[in-house]
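Student: Here you go, one structure.
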Amino acid sequence: MKHREARPTNLKRGRPAGLESDGIASEPSKSAKFSDPQDFHPTRRRPVFVSDLRNHVPTLKGPRVQRTRAVETLLDRGFPYSRKLNAHTSCVNALAFSSLDGRFLASGGDDLNIHLWDLHEERVNKPCCTFQGPRENIFVLSFSAHNRFIFSGGADDTVLKFDASTLERINTQVPRSPGAIFRQHDDSIRGIAPHPVQDDIFITGSEDGCLILHDCRIGPRTSDQDTIQLTAEVTGVEFHPVMEHVFVTSDQRGNVCLRDTRMAFGPLFRRTQEGVVQTYNTKLSRRGIQHLSNPETSSISFNRQGTQLGVTMLNYFPTIYSLNDADPVAVCSASNLPDGTPVPPGERTYANACTMKHGSFGGPGLDTDALYAAGSDDFRAYIWSLPSPASLAAQRRIIPYAEWEAGEHAGVTAFAERATGPRCIPAQLHTPRARLGGHSSIVNTVLVHPHMFLAASAGIEAEVVLHGAVDSLLGGMKRTPARVRKIGEAWGPEPLEVEEDDEGQEGSEDGWDVERVADDQGRTIRLFDGLLRAEGGIDVFAARRWYTHGGDGGGVVGMDNDGQGDSDSEDDEDKSSESEVDEDDDVDMEDV
């Protein structure tokens with residue numbers, strides 16, 4: 001990933017206002033061309049999670065209190081079972097469940113294939129469909145509101161739209177190539193936000209700093225009225241799940257902003273502050289360190305209710321925000337094991353230093369999303385239980401600056417808008433609900449299924465790992481080993497499962513060169529082992545300094561190899577930021 005510094009904008013804090021529906025109307029789109037129907041193999045089987053869980057949780061359809069208690073008991077198991085999906089031949093960077101019922105799981109990465117897995121099959125052995133079209137590494141996948149389209153984006157600077165409208169039908173043709181290509185961006189695509197109601201509308205964000213509002217009904221073209229040019233690389237964008245005109249963005253400078261499409265796009269005379277209605281406090285302060293730190297945000301996500309935001313931060317922990325509050329309410333760390341005991345000395349725990357992580361909310365079987373999940377550099381995925389908003393608010397502390405300076409807060413990390421401003425200490429969630437194994441290298445992406453007691457994770461390896469709360473999910477799972485591989489430890493591929501397909505024939509590896517794939521994966525794992533040795537212990541206050549020039553305005557100073565700050569003044573900002581991190585962080589996977 002590239003790192004280019006840019007001057008941030010100082011935006012006024014405030015409560016979002018005027019959050020009514022915009023009522024965008026939809027029109028039918030033209031159908032795409034179809035290819036061979038034999039490439040698609042869905043089934044009519046009943047969703048397996050209904051029958052699989054009936055014996056484990058007989059009260060799922062009972063009164064709400066009983067159902068919630070039963071679900072909580074089941075989730076307390078911590079997703080101890082797993083199985084792997086094998087079809088990719090390189091890193092898997094992106095995962096997405098289909099909208100509404102989550103029947104399909106899409107996966108994509110460095111091998112340029114987008115595989116779809118039908119989770120309603122009795123046993124998921126292979127992809128039900130594969131889309132092709134990306135020319136470089138895939139970073140993001142998204143389903144439209146009603147699953148008419150699948151969008152992909154990545155290092156080829158383009159957004160591809162695939163027709164997915166026939167996925168749930170039997171014996172229908174499914175296109176393997178994109179129906180439309182959007183080429184408006186000049187750098188890698190980091191975010192694709194489908195509209196929560198209209199399948200044809202979506203927003204894209206790129207490392208070129210642009211946010212673009214697209215409408216498929218007018219074709220793959222946009223105007224200046226559909227574009228916002230920010231001063232930093234966009235790292236994430238997502239529409240609010242309920243309020244159709246509200247969306248959130250994150251960027252490489254650490255800015256996380258809630259925006260309104262009615263203020264962000266359109267003629268200049270209608271635009272106000274690039275649509276920003278809320279700016280969230282992401283700057284860190286630590287007692288005894290004079291400067292603040294503004295960690296890079298690598299992903300953002302809403303919970304299903306749209307009341308909370310989850311933000312993953314480079315060299316820091318996942319942080320939870322309430323929608324209408326600039327200060328965070330919780331920080332998800334993992335100094336304890338799920339049983340509440342401290343992590344043993346010398347054992348690695350949650351960290352995020354080397355790759356782009358994507359976190360997500362979840363709450364299968366519950367009325368609200370009460371879980372947050374994220375991947376980690378210690379080769380695990382983590383899931384935290386989120387207390388109620390009232391409980392989080394009660395645990396959070398706001399401390400005046402004078403008290404912060406005079407009090408006993410040694411080693412405490414807080415959030416601060418400015419160097420001499422009040423400090424916010426969010427609720428500290430030190431004990432994760434679950435630590436998920438099954439990986440041999442860094443885990444980048446974790447998703448919790450919207451309805452099934454299932455989570456999916458992926459990262460540096462070529463497999464997608466499905467984690468279940470019961471062993472009968474998806475035709476059977478095995479208990480996940482508690483031990484994970486150590487950095488530098490020898491790695492060897494696991495034997496691929498050979499199973500019978502629907503016609504009773506033994507499945508194959510679809511023409512894979514298994515030895516070549518294993519060799520490539522081994523080299524990739526060793527490469528990232530080296531990156532973890534070099535970058536795994538970096539402190540965020542050393543890596544990202546936020547300083548002020550006698551006022552509230554500030555900037556980020558990146559650290560060079562000698563530990564000296566590089567100025568980002570107007571004279572040398574553009575020159576220093578281009579090369580500041582590229583040598584260490586730009587890993588060309590074609591060289592692996």
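If you count by UniProt numbering, then the sequence shown holds residues 1 to 592, one letter each, in order. Cβ coordinates follow ideal geometry from the N, Cα and C atoms, glycine included. Quantities reported herein were computed from a predicted structural model and do not represent experimental measurements.
Does Gln428 come out as helix, strand or coil in the three-state DSSP assignment?
Tutor: Gln428: strand per DSSP, three-state reduction.
Student: What are the residues that DSSP puts in a beta bridge with Thr420?
Tutor: None, per the DSSP bridge assignment.
Student: As a quick exercise: from Leu284, Arg77, Phe317 and Thr307, pick the residue whose alpha carbon is nearest that of Phe453.
Tutor: Nearest option by C-alpha distance: Arg77.
Student: So does the region 392-399 actually touch the region 260-278, counting three or more Cβ pairs closer than 8 Å?
Tutor: Touching, no.
Student: At which residues does the beta strand (DSSP E) containing Ile525 begin and terminate?
Tutor: Here Ile525 belongs to no beta strand (DSSP E); instead the alpha helix (DSSP H) covers Val514 to Glu535.
Student: Give every residue of the same chain whose Cβ lies closer than 8 Å to the Cβ of Pro481, excluding the five residues on either side of it in the sequence, and list them in chain order.
Tutor: Excluding sequence neighbours, Pro481 sits near Gly437 and Gly438.
Student: Which same chain residues, not among the five before or five after Ile425, have their C-beta less than 6 Å away from its C-beta?
Tutor: Answer for Ile425: Arg397 and Ala414, listed in chain order.
Student: Tell me whether the region 446-462 and the region 305-320 touch, counting them as touching only if at least three CB pairs, one residue from each stretch, are closer than 8 Å.
Tutor: No, the region 446-462 is not in contact with the region 305-320.
Student: So what's Gln278 in DSSP terms, helix, strand or just coil?
Tutor: Gln278: strand per DSSP, three-state reduction.
Student: Would you list, in sequence order, the uninterrupted beta strand (DSSP E) runs of no fewer than 3 residues that lie entirely inside the region 233-266?
Tutor: For the region 233-266, whole beta strand (DSSP E) runs of length 3 or above, ordered along the chain, are 234-239, 246-251 and 256-260.
Student: What do you get for Ile300, buried or exposed, if any count of 16 or more other CB atoms within 10 angstroms of its CB means buried?
Tutor: Result: buried.
Student: To the nearest angstrom, how far is it from the Cα of Pro364 to the Cα of Ala406?
Tutor: Approximately 45 Å between the Cα atoms of the pair.
Student: With a threshold of 8 Å, are at least 3 pairs of Cβ atoms found where one atom belongs to the region 99-114 and the other to the region 487-495?
Tutor: Cβ pair count under 8 Å is below three, so no.
Student: Which partner residues of Asp163 appear in the DSSP bridge assignment?
Tutor: In the DSSP output, where bridge partners are listed per residue, Asp163 has Phe149.
Student: For Leu100, is the classification buried or exposed, using 16 other Cβ atoms within 10 angstroms of its Cβ as the cut-off for buried?
Tutor: The residue in question, Leu100, is exposed, as its Cβ has fewer than 16 Cβ neighbours within 10 Å.
Student: Which whole-angstrom value is the C-beta distance of Val246 and Gly205, which I expect to be below 8 Å?
Tutor: Rounded, the Cβ-Cβ distance is 15 Å, inconsistent with contact.
Student: Does the beta carbon of Asn86 sit closer than 8 Å to a beta carbon anywhere in chain D?
Tutor: Of the protein chains in the structure, only one exists, and it is not chain D.
Student: At the level of alpha carbons, what is the spacing between Cys91 and Val331?
Tutor: Cys91 and Val331: Cα-Cα distance of roughly 28 Å.
Student: For the alpha helix (DSSP H) that contains Phe182, what are its first and last residues?
Tutor: Per DSSP, Phe182 belongs to no alpha helix (DSSP H); it is in the beta strand (DSSP E), Ala180 to Phe182.
Student: Only counting the same chain, and skipping five residues up and downstream in sequence, which positions put a Cβ closer than 7 Å to that of Asp260?
Tutor: Excluding positions up to five away in sequence, the list reads His245, Val246, Gly275 and Val277.
Student: Could you give the DSSP three-state label for Asp215: helix, strand or coil?
Tutor: Correct three-state label for Asp215: strand.
Student: Whole angstroms are fine: how far does the CA of Ala469 sit from the CA of Ser144?
Tutor: Cα-Cα distance, rounded: 28 Å.
Student: Leaving out five residues before and five after His146 in sequence, what residues of the same chain have Cβ atoms less than 8 Å from its Cβ?
Tutor: So the list reads Ser99, Leu100 and Asp199, once near-sequence residues are dropped.
Student: By alpha-carbon positions, which one of Leu366, Thr89 and Leu85 ends up nearest to residue 594?
Tutor: Residue 594 lies beyond the stretch modelled for the chain, which goes from 1 to 592, so this question has no answer here.
Student: Pick helix, strand or coil for Glu121, following the three-state DSSP scheme.
Tutor: Reduced to three states, the DSSP call for Glu121 is coil.
Student: So for Gly363, helix, strand or coil by DSSP?
Tutor: In this structure, Gly363 counts as coil in the three-state DSSP scheme.
Student: Should Pro178 go down as buried or exposed, given a rule of 16 or more other Cβ atoms within 10 Å for buried?
Tutor: It counts as buried.
Student: Among Gln428, Arg348 and Arg433, whose alpha-carbon lies nearest the alpha-carbon of Ser385?
Tutor: The candidate whose alpha carbon is nearest that of Ser385 is Arg433.
Student: According to the neighbour-count rule (16 or more other Cβ atoms, all chains shown, within 10 Å of its Cβ), is Leu53 buried or exposed?
Tutor: Any reading at Leu53 must be qualified, since the residue scores a pLDDT of 45, below 50, and its modelled position is unreliable; no value is offered.
Student: Helix, strand or coil for Thr445, going by three-state DSSP, please let me know.
Tutor: Strand.
Student: Starting from Tyr321 and walking both ways along the alpha helix (DSSP H), at which residues does that stretch end?
Tutor: That residue, Tyr321, is in no alpha helix (DSSP H); its beta strand (DSSP E) goes Thr319 to Ser322.
Student: Helix or strand or just coil, what does DSSP make of Gly191?
Tutor: Strand at Gly191.
Student: Gly340: buried (16+ other C-beta within 10 angstroms of its C-beta) or exposed?
Tutor: The residue is exposed, with fewer than 16 neighbouring Cβ atoms inside 10 Å.
Student: Helix, strand or coil for Gln132? Go by DSSP, reduced to three states.
Tutor: Strand.
Student: Can you confirm whether the region 175-194 touches the region 204-222 when touching is taken to mean that 3 or more C-beta pairs between the two stretches lie within less than 8 Å?
Tutor: The region 204-222 is in contact with the region 175-194.
Student: With burial defined as no fewer than 16 other Cβ atoms inside 10 Å of the residue's Cβ, what is the status of Val446: buried or exposed?
Tutor: Looking at its Cβ environment, which holds 16 or more other Cβ atoms inside 10 Å, Val446 is buried.
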